[in-house]
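Written out below as structure tokens is the structure these notes cover.
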Amino acid sequence: MDNYKKHVPSGAEDCLPAECYIKRNIEKKLRELFIISGYDEIETPTYEFYDAFQSGVGSYMQESMVKFVDAQGRILVLRPDMTVPIARVAATKLLGGVKQLFYIQNSFATAAPAFGKAGEFTQAGIELIGESDYTADAEVIALAVKSLITTGLANFTIDIGQVAFFKALISELKLKDSQIDELRHAVDSKDAMAIEVVATKLKLGEAIKQKILALPNLFGDSEVFDKALALSDNAQCVTAVENLRNVYSLLKSYGLQKYVSVDFSMLHDIAYYSGIIFRGVTPGIGFPIVSGGRYDELLSKFGDASPATGFALGIKRIMIALERQELLSGTYDTFAVVSSERSAHLKAFEYAEHIRESGKRVILYSNLSKSELTKAMDDTGAGAAIYFEANGNQVVL
Amino acid sequence: MQITIALAKGRLAEKAMVILEKCGIECADMFKDSRKLIFFDEKNDIRFIMVKPTDVPTYVDHGVADMGVVGKDTLMEAGLPLYEMADLKYGKCKLAIAGYPNKQDNSLTTSILRVATKYPEVAKKYYASKGESIECIKLNGSVELGPLLGLSDVILDIVESGRTLVENGLEVTEDVAEVSARLAVNRASLKIKASVMKPLIEKIQKAVEES
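So the sequences go chain by chain: C and P.
Here this note's numbering is used: position 156 in the first sequence is 196, and no number is missing along the way.
Here this note's numbering is used: position 207 in the second sequence is 200, and no number is missing along the way.
Set out below in structure tokens:
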């Protein structure tokens, strides 16, 4: 057992001071942005009953959740994301009206440890509950764009899709959930060959197969809406396309056109999404840095029929992207480093406390020599080095 | 805007280049110096990296390569969220289950099918979809020895002509999937570098159709 004492379990990570400073700084900026945007912060427990995340609710992969058992033998999980816990809270404890909630908390997964995919990861996000209008979708996407800009990123794309279009397109086929999932996966991978295979297996007609095969190339700008409309005159499909067109043109009016694009074959893994969904990508990292969308049926699993939409930012992924784009910098702003000979310690302490009262950062070292203190000033980037000699003289180095 | 394409070293890379050359991409250096791992097509601003076939999906998943050419079998085993945007229609073969044609399962001590394979993930998924439990035995080559020596009941492997199977007294009992070379694309790259990636992918799709 002794072998493990210097190590952390796979998937776990220490956040060392230089990284932690930047992480907290990003979190602070996001917290301020969410607050001025009208959102209230919420915390939920780190662990919850497995039932809340069971299939049919969140449809998480059972094997990707970290589970343990409580004293009564019930199964608990470390929360795999924040949307389901917030839906549970909103549907049971914050009933009625519009709720705007945000969080900056860690979620957990048993995921095989890989770059950008840790077992414990910080998410910052918002949930807008009780609004079903397309203007709410646009507003939430606009806030996602603003959040990414706030973190320091400039070059990113938010891809917007519409799950309701796909769901309506295949609704007449009366497929089972597992079959829909197979088809959804093939479309989401833009894999024409796999769509063919699944279509043959499910004995789909030629007409519907061609429509589904058209989805992977339905991405780009406004030109894709008419192409999507040409695929189906089913009323729900038309509503879904018009809904996305409204959101897209509103985002354009907000002046955010350069940040957004449309993709009808984007169909997130998580089954609770019901309408507009979106995913943000940036150079330097192959994984989405933000992901979100509308989940109008999720709250009803907890007994409240409120519609809702929201998004979550992956803080670590954003930091990796910033670092690769050479935009990651910053450290503590230290006003001064202070030291003294032992006999003058009280002087040095009082001086440090005096500066600290004005809210400035001072690092006090015990018994450094003058040259050691000068080095400490260079290492920390402090603005000054103050030394107190044995006779109480204050020397600026 | 530079894009990076990951190719599997060897024969597969040569065949991929045949298609890419039809799309106006040139890289004459590639087959001159076999030790180099990075090549450039300066004219089209494309960088090629030569990697082990099984690593192609990893490079593309992490976004250090924007796209890659690799066999469907490797993609299935990797199970990563990539866009699979073209079937390049070469390197055709299939993944199949093979075993002794007439051998009855007469083992008293184990009721679980033992499958020897280079593709444990594919095997687990395939049998899970059939509702069957298996014991997977991971091998790195000469998989046919599994049933021969009693290590496993069947094998799941690539079958091209089927000659190796016949020579070892085995026979295909089930087909698992059709395999050919595919164009795997990083999800973020497709959108961020859309102005370069989209036309190139369309050219590749066209070149394959025409040939």
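A virtual CB, placed ideally from N, CA and C, is assigned to each residue, including glycine.
- Within chain P, no C-beta atom comes less than 8 Å from the C-beta of D121(C); the nearest is roughly 17 Å away.
- At least one CB atom of chain P sits nearer than 7 Å to the CB of K230(C).
- Straight across, the Cα-Cα distance linking E77(P) with G162(P) is about 36 Å.
- Judged by pairs of C-beta atoms under 8 Å, the stretch 308 to 322 of chain C does not touch the stretch 129 to 142 of chain C, as fewer than three such pairs exist.
- Closer than 9 Å at the C-beta level to chain C, one finds these residues of the stretch 171 to 192 of chain P: E171, S173, R175, V178, N179, R180, A181, S182, L183, K184, I185, K186, A187 and K191.
- For A384(C) against I403(C), the beta-carbon gap comes to about 17 Å, at or over 8 Å, which does not count as contact.
- Of the candidates Y312(C), N274(C), Q145(C) and R224(C), the residue whose Cα lies closest to the Cα of P347(C) is Y312(C).
- Contacts with chain P at 7 Å (Cβ-Cβ) include T197(C).
- Between the stretch 181 to 197 of chain C and the stretch 380 to 400 of chain C there are fewer than three inter-stretch CB-CB distances shorter than 8 Å, so the stretches are not counted as touching.
- Pairing Q140(C) with V129(C), the inter-Cα distance amounts to about 12 Å.
- Between I329(C) and the set L215(C), F148(C), T191(C) and K69(C), the nearest pair of CA atoms involves T191(C).
- Contact check for N179(P) against V53(P) passes: the beta carbons are separated by less than 7 Å.
- Excluding five sequence positions before and after F342(C), the CB atoms of its chain that fall closer than 7 Å to its own CB belong to A127, R128, A131 and T132, given in chain order.
- Interface with chain C (7 Å Cβ-Cβ cutoff): D80(P) is included.
- Note that the C-beta distance between F327(C) and L258(C) is not below 7 Å.
- Rounded to the nearest whole angstrom, the CA to CA distance from G315(C) to A182(C) is 17 Å.
- Along the stretch 83 to 170 of chain C, the alpha helix (DSSP H) occurs as fully enclosed runs of 4 or more residues at 123 to 133, listed in sequence order.
- Per the DSSP secondary-structure output, A174(P) pairs in a beta bridge with G64(P).
- Note on K298(C): under 16 other CB atoms within 10 angstroms of its CB, so exposed under the neighbour-count rule.
- The DSSP-derived three-state label of E429(C) is coil.
- Around the Cβ of D231(C), a 10 Å sphere holds 16 or more other Cβ atoms; the residue is buried.
- Inclusion of F41(P) and F32(P) in the CB contact set at 7 Å is warranted, their separation being smaller than that value.
- Per DSSP, the continuous beta strand (DSSP E) segment holding K131(P) begins and ends at I127 to K131.
- If you draw a straight line from the Cα of E83(C) to the Cα of A21(P), it comes to about 59 Å.
- Each residue's CA atom was taken as its position, placing A58(P) and S145(P) some 38 Å apart.
- Nearest neighbour of S173(P) by Cα position, chosen from C86(P), I12(P) and G3(P), turns out to be C86(P).
- Sixteen is the threshold: since fewer than 16 other Cβ atoms of the shown chains lie within 10 Å of the Cβ of T240(C), the residue is exposed.
- Under DSSP, C86(P) forms a beta bridge with V172(P).
- In terms of Cβ geometry, S147(C) and R114(C) do not form a close pair [threshold 7 Å].
- Remark: fewer than three beta-carbon pairs, one from each stretch, lie closer than 8 Å, so the stretch 127 to 135 of chain P and the stretch 59 to 74 of chain P are not flagged as touching.
- Secondary structure note for F74(C): its alpha helix (DSSP H) is the uninterrupted segment P57 to I76.
- The residue among L116(C), F142(C) and V48(C) with its C-alpha nearest the C-alpha of Y79(C) is F142(C).
- The DSSP-derived three-state label of V377(C) is strand.
- According to DSSP, Q434(C) shares a beta bridge with F428(C).
- With contacts defined as CB atoms closer than 7 Å, L209(C) and S272(C) qualify as a contacting pair.
- Of all residues in the stretch 346 to 379 of chain C, none is placed with a Cβ closer than 7 Å to any Cβ belonging to chain P.
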